[in-house]
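> In our numbering, the protein residues as written are 182 to 545.
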DNA sequence: TACCCGTGGGA
DNA sequence: TTCCCAAGGGT
């Protein structure tokens, strides 16, 4: 099995910005950075982010010397911003230590590095015999061994199966990547390409004709809706007022336009008689009382565990008032062209497009 | 353990 | 449109 997969990988391995060419030892910094970025994020999305990070911060020393604000700004759009905060913290630890630890336990102790990432770095960067079990590997193992137990309960079983399949492998780094790449390109979630699979002959699900049913998954909960208001204040020079969020939690450390709280279950956008009251309360809470806002639309944004619907308000601000607004709440005026220097989450850029429809697609 | 934490692309 | 899900980790 191992030789069949490695032979398939040697022929079909994809080219990726962080992947060393065959026979070359990869840069641990590249391996680590890419693995953090790839957590719950597609290869296609990560590509340009990885290239920009490496161009700007060629090594872990440079990244450690950067400010968290700059790292978050470069990460903006990738999501799961705790990854960027942990990335920065991890860079400082590694830089101080003079390099990445070369043991599983050492890697596991790093911020943002869990069981999967530790095994991935250990095997890919250092060719240590570690088994990295990600979503791809779980799906492949569930099919090869025809494991009917649904996810996530099946995780321990799948981990043991993966360990057995990968035991005593000759090229741990290549095998880790091959295992995942098989799941990403052949043993895909729907309509797996069994006809060209190197493991077809040993796959129990294929033999049983149930490869398309596996892995089973326990049903997910419904996604609740949260409602809120976001206020885009703009000066005559088109610069906008932004503020920094709390350091942790949702969008922690990122910048935003002033917003109300995001309430679950209560539609504060409706035209009920108390809508204006709610809005006034929201505005007052943010120190924006008395401004004349125009409602310019609603945006909907899907997050992992809730859907966000924001009513977008706009107001034009002049001279002395603008200075007062920037005085408190960690707020500042920023020109539209320099907005990309700040860590602005996608949801906020989406709101801004209602004001400046031409504006602000990332990576462009 | 179960929940929190983003975003975009494909079917 | 809606749903799935993608090289998971932290708490």
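For every residue, glycine included, the Cβ atom is placed at its ideal position computed from N, Cα and C.
In this text, all values refer to a predicted model and were calculated from it rather than measured experimentally.
Are residue 323 and residue 395 touching if we call contact CB-CB under 9 Å?
Position 142 of the first chain, counting from 1, holds the residue named residue 323. Position 214 of the first chain, counting from 1, holds the residue named residue 395. Yes, they are a contact pair.
> Which runs of the alpha helix (DSSP H), 4 residues or longer, sit entirely within the segment 365-390?
385-389
> Taking all protein chains shown into account, decide if residue 488 is buried (16 or more other Cβ within 10 angstroms of its Cβ) or exposed.
Walking along the first chain from the start, residue 488 turns up at place 307. Answer is exposed; the Cβ neighbour count stays below 16.
> Between residue 207 and the rest of its own chain, which residues show a CB-CB distance below 8 Å, the 5 nearest in sequence each way excluded?
Within the first chain, residue 207 is the residue found at index 26, counting from 1. Residues of the same chain with a CB within less than 8 Å of the CB of residue 207, apart from the 5 flanking positions on each side, are 199, 200, 201, 305, 306 and 354 in chain order.
> Give me, in chain order, the residues of the same chain whose beta-carbon lies closer than 6 Å to that of residue 249; leave out the 5 immediate sequence neighbours on both sides.
By 1-based counting over the first chain, the position of residue 249 is 68. Closer than 6 Å at Cβ, skipping near neighbours: 269.
> Can you list, in chain order, the residues of its chain with a C-beta nearer than 8 Å to that of residue 453? Leave out the 5 residues immediately preceding and following it.
Counting from 1 along the first chain, the entry for residue 453 is found at position 272. Low local confidence applies: a pLDDT of 45 at residue 453 is under 50, so the model's placement there is unreliable, and no value is given.
> Taking buried to mean at least 16 other C-beta atoms within 10 Å of its own C-beta, is residue 266 buried or exposed?
By 1-based counting over the first chain, the position of residue 266 is 85. Buried, by the Cβ-count rule.
> Answer yes or no: the CB of residue 369 versus the heavy atoms of the ligand ZN, is any distance below 8 Å?
Ligands in the displayed structure: none, and consequently the ligand ZN is not present.
> How is the beta strand (DSSP E) around residue 486 delimited, first residue to last?
Numbered from 1 along the first chain, position 305 holds the residue referred to as residue 486. No beta strand (DSSP E) holds residue 486; DSSP gives it neither H nor E.
> Quick check: the Cα distance between residue 551 and residue 520, rounded to an integer number of angstroms?
The structure shown does not extend to residue 551, since the chain spans only 182 to 545, so no value can be given for it.
> Assuming residue 205 and residue 261 are in contact, meaning their beta carbons sit under 8 Å apart, how far apart are those beta carbons, in whole angstroms?
Locating residue 205 in the first chain gives position 24, counting from the first residue. Locating residue 261 in the first chain gives position 80, counting from the first residue. Not a contact, Cβ separation roughly 30 Å.
> Hey, how far is the Cα of residue 330 from the Cα of residue 191?
Along the first chain, one-based indexing puts residue 330 at 149. Along the first chain, one-based indexing puts residue 191 at 10. Residue 330 and residue 191: Cα-Cα distance of roughly 32 Å.
> Please classify residue 414: does DSSP put it in a helix, a strand, or coil?
Walking along the first chain from the start, residue 414 turns up at place 233. Reduced to three states, the DSSP call for residue 414 is strand.
> Take the Cβ of residue 334 as the centre, count every other Cβ of all protein chains shown within 10 Å, and call the residue buried at 16 or more, exposed below.
Counted from its first residue, the first chain places residue 334 at position 153. The residue in question, residue 334, is exposed, as its Cβ has fewer than 16 Cβ neighbours within 10 Å.
> Please work out which residues of its chain come closer than 7 Å, Cβ to Cβ, to residue 474, disregarding the five sequence neighbours upstream and downstream, and give them in chain order.
One-based indexing of the first chain puts residue 474 at position 293. Here the set comprises 412, 494, 495 and 496.
> Taking the alpha helix (DSSP H) that residue 256 falls in, what are its first and last residues?
What you label residue 256 is simply residue 75 of the first chain in a count that begins at 1. Start and end: 249-256.
> Decide if residue 357 is buried, meaning its Cβ has at least 16 other Cβ atoms within 10 Å, or exposed.
Taking the first chain and counting its residues from 1, one reaches residue 357 at position 176. Buried.
> Taking 7 Å as the limit between beta carbons, can you name the residues of its chain near residue 238, skipping five residues before and five after?
What you label residue 238 is simply residue 57 of the first chain in a count that begins at 1. Within the same chain, residue 238 has close Cβ partners 244 and 247.
> Mind checking whether residue 437 and residue 424 have CB atoms under 9 Å apart?
Numbered from its first residue, the first chain carries residue 437 at position 256. Numbered from its first residue, the first chain carries residue 424 at position 243. Result yes, Cβ atoms of residue 437 and residue 424 sit closer than 9 Å.
> Provide the residue(s) that pair with residue 440 in DSSP beta bridges, ordered along the chain.
Here residue 440 refers to the residue found at position 259 of the first chain. Residue 440 is bridged to 411.
> Leaving aside the five residues before and after residue 507 along the sequence, list all residues of the same chain whose C-beta is less than 6 Å from its C-beta, in chain order.
Here residue 507 refers to the residue found at position 326 of the first chain. Around residue 507: 513 and 514.
> At what residues does the alpha helix (DSSP H) containing residue 421 begin and finish?
Counting from one through the first chain, the residue named residue 421 turns up at place 240. It is not in any alpha helix (DSSP H) - residue 421 instead sits in the beta strand (DSSP E) that spans 421-425.
> Which class does residue 512 belong to by DSSP, given the choice of helix, strand or coil?
Taking the first chain and counting its residues from 1, one reaches residue 512 at position 331. Here residue 512 sits in strand by DSSP.
> Do residue 313 and residue 435 have their CB atoms nearer than 9 Å?
By 1-based counting over the first chain, the position of residue 313 is 132. By 1-based counting over the first chain, the position of residue 435 is 254. No, the pair does not count as a contact, with Cβ atoms beyond the cut-off.
> Going by beta-carbon coordinates alone, are residue 379 and residue 236 separated by less than 9 Å?
Taking the first chain and counting its residues from 1, the one referred to as residue 379 is at position 198. Taking the first chain and counting its residues from 1, the one referred to as residue 236 is at position 55. No, these two residues do not count as a Cβ contact at 9 Å.
> On the criterion of 16 or more Cβ atoms from any shown chain inside 10 Å, does residue 477 qualify as buried, or is it exposed?
Counting from 1 along the first chain, the entry for residue 477 is found at position 296. Only exposed fits residue 477, as fewer than 16 other CB atoms lie within 10 angstroms of its CB.
> Near residue 292, what residues of its chain come up, given a Cβ to Cβ distance below 6 Å and the 5 sequence neighbours on each side ignored?
To locate residue 292, count along the first chain from 1; it is residue 111. In its chain, beyond the 5 residues on either side, 267, 270 and 271 have a beta carbon closer than 6 Å to the beta carbon of residue 292.
> Alpha carbon to alpha carbon, how far is residue 392 from residue 317? Give it in angstroms, no decimals.
The residue labelled residue 317 in the question sits at position 136 within the first chain. The residue labelled residue 392 in the question sits at position 211 within the first chain. So the alpha carbons of these two residues sit roughly 14 Å apart.
> Might you give, ordered along the chain, the residues of its own chain that have their beta carbon closer than 7 Å to the beta carbon of residue 241, omitting 5 neighbours on each side?
Within the first chain, numbered from 1, the residue matching residue 241 stands at position 60. 210, 272, 275 and 276, listed in sequence order.
> If I measure Cβ to Cβ from residue 332 and keep anything under 6 Å in the same chain, skipping five residues before and after, which residues do I get?
Position 151 of the first chain holds residue 332. Cβ within range, chain order: 396 and 398.
> If you compare alpha carbons, which of 479, 287, 389 and 337 is closest to residue 327?
Taking the first chain and counting its residues from 1, one reaches residue 327 at position 146. Minimum Cα distance to residue 327 is reached at 389.
> Ordered along the chain, which non-local residues of its own chain (more than five positions away) have a Cβ less than 6 Å from that of residue 360?
Along the first chain, one-based indexing puts residue 360 at 179. 318.
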